[in-house]
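One line per chain: the protein sequences are A and B, in this order. Residue 288 in the numbering used here is what sits at position 288 of the first sequence, and the numbering runs on without skipping anything. Residue 662 in the numbering used here is what sits at position 662 of the second sequence, and the numbering runs on without skipping anything. Glycine is no exception: its CB is placed at the ideal position from the N, C-alpha and C atoms.
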Amino acid sequence: MPPILVFILALTASAILFWPRTGLLARATRLRRLSERVLVEDVLKHLYDCEIRGLPGSLEELAGMLETGRGKAHRILGRALQMELVTLEQQGYALTATGRAYALRVLRTHRLLERFLADRTGMAPDRWHAEAEQREHLLSEAETEKLAHRMGHPLFDPHGDPIPTATGEMPVASGFPLSRVAPGSFVTVVHLEDEPAEVFQCLLDAGLALGQVFQIHEVTRERIAYAVDGQDRSLARALAANVTVETVSQAGASDPRVTTLDTIELGQSAAVVGISPLCHGPQRRRLLDLGVVPGTTIRAVMRSAGGSPIAYDIRGALIGLRREQAEWIRVRRDQESGAAA
Amino acid sequence: MTSALPVLPSGASTPGCRGCSANRTANLVQLGVSVGSWDYLVALAGNPNTGKSTVFNSLTGLRQHTGNWPGKTVSRAEGTFEHNQKKVKLVDLPGTYSLQAGSTDEEVARDFILFGEPDVTVVVVDATRLERNLNLVLQVLEITDRVVVCLNLMDEARRHGIAVDAKRLARELGVPVVAAAIRRKEGLPELLEAIERVATGAERTTPFRIRNHPPAIEATVAELVTDIEAAFPGLPNPRWVAFRLLNADERIEAAVRSGEIGVFLGDNQDQPWQPSDQGAATLDAEAVLATARSLRWRLPSDFHDRLMESIYAAAQAIASRSELRGARRAKFDLDRTLDRMLTSKWLGFPLMGLILAGVFWLTIAGANLPSAMLASVLIDQLHPLLRQFGAGIGMPWWLSGFLFDGVYLATAWVVSVMLPPMAIFFPVFTLLEDFGYLPRVAFNLDRMFQRVGAHGKQALTMCMGFGCNAAGVVATRVIDSPRERLVAIITNNFSLCNGRWPTQILIATIFLGTLAPAHLASATAAGAVVGIALLGVAFMFGVSWLLTRTVLSGEATSFSLELPPYRPPRVLQTLYTSLIDRTLIVLWRAVVFAAPAGAVIWLISNIDIGGVSIARHLISDLTPFGLLVGLNGVILLAYIVAIPANEIVIPTVLMLTVLATNAVGVGAGTGVMFELDSTQAVGDLLRAGGWTVLTAVNLMLFSLLHNPCSTTIYTIYKETGSAKWTTVATLLPLVLGFVVTFLVTQVAGLL
Numbered sequence: 001m002p003p004i005l006v007f008i009l010a011l012t013a014s015a016i017l018f019w020p021r022t023g024l025l026a027r028a029t030r031l032r033r034l035s036e037r038v039l040v041e042d043v044l045k046h047l048y049d050c051e052i053r054g055l056p057g058s059l060e061e062l063a064g065m066l067e068t069g070r071g072k073a074h075r076i077l078g079r080a081l082q083m084e085l086v087t088l089e090q091q092g093y094a095l096t097a098t099g100r101a102y103a104l105r106v107l108r109t110h111r112l113l114e115r116f117l118a119d120r121t122g123m124a125p126d127r128w129h130a131e132a133e134q135r136e137h138l139l140s141e142a143e144t145e146k147l148a149h150r151m152g153h154p155l156f157d158p159h160g161d162p163i164p165t166a167t168g169e170m171p172v173a174s175g176f177p178l179s180r181v182a183p184g185s186f187v188t189v190v191h192l193e194d195e196p197a198e199v200f201q202c203l204l205d206a207g208l209a210l211g212q213v214f215q216i217h218e219v220t221r222e223r224i225a226y227a228v229d230g231q232d233r234s235l236a237r238a239l240a241a242n243v244t245v246e247t248v249s250q251a252g253a254s255d256p257r258v259t260t261l262d263t264i265e266l267g268q269s270a271a272v273v274g275i276s277p278l279c280h281g282p283q284r285r286r287l288l289d290l291g292v293v294p295g296t297t298i299r300a301v302m303r304s305a306g307g308s309p310i311a312y313d314i315r316g317a318l319i320g321l322r323r324e325q326a327e328w329i330r331v332r333r334d335q336e337s338g339a340a341a
Numbered sequence: 001m002t003s004a005l006p007v008l009p010s011g012a013s014t015p016g017c018r019g020c021s022a023n024r025t026a027n028l029v030q031l032g033v034s035v036g037s038w039d040y041l042v043a044l045a046g047n048p049n050t051g052k053s054t055v056f057n058s059l060t061g062l063r064q065h066t067g068n069w070p071g072k073t074v075s076r077a078e079g080t081f082e083h084n085q086k087k088v089k090l091v092d093l094p095g096t097y098s099l100q101a102g103s104t105d106e107e108v109a110r111d112f113i114l115f116g117e118p119d120v121t122v123v124v125v126d127a128t129r130l131e132r133n134l135n136l137v138l139q140v141l142e143i144t145d146r147v148v149v150c151l152n153l154m155d156e157a158r159r160h161g162i163a164v165d166a167k168r169l170a171r172e173l174g175v176p177v178v179a180a181a182i183r184r185k186e187g188l189p190e191l192l193e194a195i196e197r198v199a200t201g202a203e204r205t206t207p208f209r210i211r212n213h214p215p216a217i218e219a220t221v222a223e224l225v226t227d228i229e230a231a232f233p234g235l236p237n238p239r240w241v242a243f244r245l246l247n248a249d250e251r252i253e254a255a256v257r258s259g260e261i262g263v264f265l266g267d268n269q270d271q272p273w274q275p276s277d278q279g280a281a282t283l284d285a286e287a288v289l290a291t292a293r294s295l296r297w298r299l300p301s302d303f304h305d306r307l308m309e310s311i312y313a314a315a316q317a318i319a320s321r322s323e324l325r326g327a328r329r330a331k332f333d334l335d336r337t338l339d340r341m342l343t344s345k346w347l348g349f350p351l352m353g354l355i356l357a358g359v360f361w362l363t364i365a366g367a368n369l370p371s372a373m374l375a376s377v378l379i380d381q382l383h384p385l386l387r388q389f390g391a392g393i394g395m396p397w398w399l400s401g402f403l404f405d406g407v408y409l410a411t412a413w414v415v416s417v418m419l420p421p422m423a424i425f426f427p428v429f430t431l432l433e434d435f436g437y438l439p440r441v442a443f444n445l446d447r448m449f450q451r452v453g454a455h456g457k458q459a460l461t462m463c464m465g466f467g468c469n470a471a472g473v474v475a476t477r478v479i480d481s482p483r484e485r486l487v488a489i490i491t492n493n494f495s496l497c498n499g500r501w502p503t504q505i506l507i508a509t510i511f512l513g514t515l516a517p518a519h520l521a522s523a524t525a526a527g528a529v530v531g532i533a534l535l536g537v538a539f540m541f542g543v544s545w546l547l548t549r550t551v552l553s554g555e556a557t558s559f560s561l562e563l564p565p566y567r568p569p570r571v572l573q574t575l576y577t578s579l580i581d582r583t584l585i586v587l588w589r590a591v592v593f594a595a596p597a598g599a600v601i602w603l604i605s606n607i608d609i610g611g612v613s614i615a616r617h618l619i620s621d622l623t624p625f626g627l628l629v630g631l632n633g634v635i636l637l638a639y640i641v642a643i644p645a646n647e648i649v650i651p652t653v654l655m656l657t658v659l660a661t662n663a664v665g666v667g668a669g670t671g672v673m674f675e676l677d678s679t680q681a682v683g684d685l686l687r688a689g690g691w692t693v694l695t696a697v698n699l700m701l702f703s704l705l706h707n708p709c710s711t712t713i714y715t716i717y718k719e720t721g722s723a724k725w726t727t728v729a730t731l732l733p734l735v736l737g738f739v740v741t742f743l744v745t746q747v748a749g750l751l
């Protein structure tokens, strides 16, 4: 056989075996990780979720959630019963006090991991939940506390869910679904439902992010129309149920002079209003470190010979920012533009 | 497979007795500081690029050592010095812009100040960037009282027309502020005095604490203060305690729980505040902590942003009251004029091309003569002398061969080829850097790099790599985004370094130049080499794109590019530091790796197994694979033994060819590397060894695309601290090299 054919075959075989996430090796590793403990923890989490929503936990539902057959699900629940983490009641399965505490700890680990992935890595937002789902079973309690310590004990995960404390405390959820919003009101996003992943991606694509403030323009039976950072958007009413919002005061929420830094022309200056919630993690911290905080005056000074980036005068330092960073900085134009600083 | 369910944890995880002052020793041990041999512990904090390392070096001199923070890949330096008969241990914290624990550096700095409880924390501040630096100072002041501010780079400030009133600043901040220009030795005695005053408690500081937080936060703080006062009546400064609890400060939480909160307050360490015996407390400590926990939930979700806002507002106010910006205006305008020219659409790129071409030309032209001189001294003259000496004292042939023909020769070769170009390239490059021009280059080229997911500064590290890949890897420190830095490190090898130019030029002249008509021969050869170099640049872009899409897609990333003000370069100082920092250190590492290589080369050529030298065995073993990829056994073996240094590839190839072909009348002995004076002679020898044009082309490609030299591999490991990425950086170009040469061979076979 000519060597080039051998080469191509070898390449294809390697791809099938070693391709990240979908390759055979990756799949086999994932299966091995699904030990019994992992399944029990998943069950506890699910039952906790049912408790919050006021629904009983049925065997069929749990089997479906675990993606296993009834027999296996029954065995898992048997183990959980044995360890006194759940009880079997008339309507279905429910958590005992110890089971609830355990579930909260797993939840704490999950949300801390999501926070870590959002703040310290460049992972895309739609992958945080799935990645945390996998890793949450691998951390011991001591490691979870160490993670919390490293992150400075954050209160909320990047979806807006509160992170249970080490003692299992969590505040009561507030806000109402976006689907029930009134036209003309100003709202801010306090929570984005992370499952199912496809819906979450749709929410991100619609310009929604935690902390985003916007005004509702119109509410019809199918869609909700609003404006974010000067851009008109809309979202299907059905998907809007996955977004929890709170009303905010009108002040500063809709100022025609508020725009993003990339629209500021050379020689003009503007005052920072804030950094868009879409900017998270190391990039956000870098901008804060450079002094991009509300009140700072930024002036666009010059453009690179290659067209990008643009150099801005921020607190006396000349900083080059690309368009994608400038789009995240919300500013209010100065009254007199083009005035020499 | 069942794994036992974990023992159900007890619930509250105790933060331990972290706040307990008795456990400070335990904390320090955990932080990696050895206890007992010093009187005072001083931490050195500050933004990056404030001259902090100069302060550290000035204080500790040579009595320092570097290592890593326990459990982390962040490097740390600690040292000791004596002042007024007291021994002081100085720990250098990583340079950070803030203490918000958003990165490992910040975690390390924060943890040390919080739990290590240094007797004094010295914050080094850049006087030309007061506002931005005060951000960190104010955050440090939130945690500890015992702070001394070193207002450094005052000479730079003077040059820029910025006058900072150190006394005014000290009044505003409530801590000692020492004006200094440490690199000129100004302010050092005053700094030592201030450190002593604060360490011994002779000066009691009244640090500035931010008062103007947004109403929502102030309301929350007030509620908590009420509870704290109920639990600890008469406690001084309950507002500070409230803020620390709302910030989830573990040591304060532990101190409140244990009742020892007075340790952090009170007039001096020996007499901490004690609660009065009346027992007027109406609330117990746990209730305070519970209130704090529930109040934390009530903080606005943009609490962190609001906090940074207040800190910056305070920093701005303090800075504007303490500094005068006078002549800065004129300097600013001059800078802008220069910038307009260097970054303009029409002039920017041509000027850049001119300047970079100038640097390269200077290096190549300037290094020729010194290289030849060094070679003639070290190799043509010293080598025979050494052999004579060896024969004279009756050294056995194998020892003199091993030492002089193997170890010495390889080292001499590397030095004579490596030293002159680097001694020219590095200082010139550093001068440009000092002047402030290089960030403008990154600024101009950033768009191209953005398209492949890299940082504009990679242009600079790439250029540095044309001098030496190891230096290029070290240069990636200027890229502070982790992902972009890794990309720059891994792709740096595709810059054709100094050591590989001779190989490329020689092979191109012999095999490609002869293909063209005589008057175009050298132009063709030169063109081929330039083509290879540009191919390297193309691979750099391609591999960068591939890496950011696949292997590196999850790494943290952030972009910003600071354009510092222009400043006249200090020529002599630059020459000195670039000589020490870059040239000599890289040279030292190269010697360390080249010497063993020389030994190996000589050994495998002269040790026989079964009547035939090891080298011969290896050559015949490697030949089948070599032919598969269009090279041959000699080349592969030469590259294996020459991993330490690309400079010795050609001499090794020649020596092995002589060995393999049993050529007579050529060479300097078995296992002795050599070079021939005429390229014609080299060509004849190689052709006798079976080389064709295809071999030559593949060699040029492989020379571009093979694994980095061992110096570079070692440097990559030290810079990334990760075996995984070092392996990737080593194997990726190698695999690419084999694939490309294989494909070229196959395609050539089909034609």
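Assign residue i to one of three DSSP states: helix, strand, or coil.
i, result
"residue 151(A)", "helix"
"residue 123(A)", "coil"
"residue 45(A)", "helix"
"residue 302(A)", "strand"
"residue 557(B)", "coil"
"residue 150(B)", "strand"
From this set, the options, which residue's C-alpha is nearest residue i's C-alpha?
i, options, result
"residue 686(B)", "506(B), 217(B), 136(B) and 374(B)", "506(B)"
"residue 229(A)", "124(A), 278(A), 199(A) and 318(A)", "278(A)"
"residue 740(B)", "381(B), 364(B) and 697(B)", "697(B)"
"residue 755(B)", "194(B), 93(B) and 209(B)", "Since the first residue shown for chain B is 1 and the last is 751, residue 755(B) is missing from the structure and cannot be characterised."
Look at the alpha carbon of residue i and the alpha carbon of residue j, and state the distance between them as a whole number of angstroms.
i, j, result
"residue 369(B)", "residue 674(B)", "19 Å"
"residue 514(B)", "residue 692(B)", "12 Å"
"residue 207(B)", "residue 312(A)", "33 Å"
"residue 126(B)", "residue 351(B)", "32 Å"
"residue 56(B)", "residue 379(B)", "43 Å"
"residue 449(B)", "residue 458(B)", "8 Å"
"residue 88(B)", "residue 38(B)", "6 Å"
"residue 69(B)", "residue 236(A)", "51 Å"
"residue 522(B)", "residue 496(B)", "20 Å"
"residue 630(B)", "residue 104(B)", "47 Å"
"residue 227(B)", "residue 172(A)", "23 Å"
"residue 28(B)", "residue 35(B)", "7 Å"
"residue 181(A)", "residue 166(A)", "35 Å"
"residue 363(B)", "residue 141(B)", "50 Å"
"residue 509(B)", "residue 608(B)", "35 Å"
Could you check how far apart the C-beta atoms of residue i and residue j are, in whole angstroms? I think they sit under 8 Å.
i, j, result
"residue 619(B)", "residue 656(B)", "7 Å"
"residue 414(B)", "residue 648(B)", "6 Å"
"residue 160(B)", "residue 565(B)", "7 Å"
Check: In the segment 346 to 358 of chain B, which residues sit with their C-beta less than 7 Å from some C-beta in chain A, listed in chain order?
Finding: 348 and 349
Item checked: Residues within the segment 357 to 387 of chain B neighbouring chain A, beta-carbon criterion of under 9 Å -> none
Check: According to a CB-to-CB cut-off of less than 8 Å, which residues of the segment 306 to 325 of chain B neighbour chain A?
Finding: 308, 309, 312, 313 and 316
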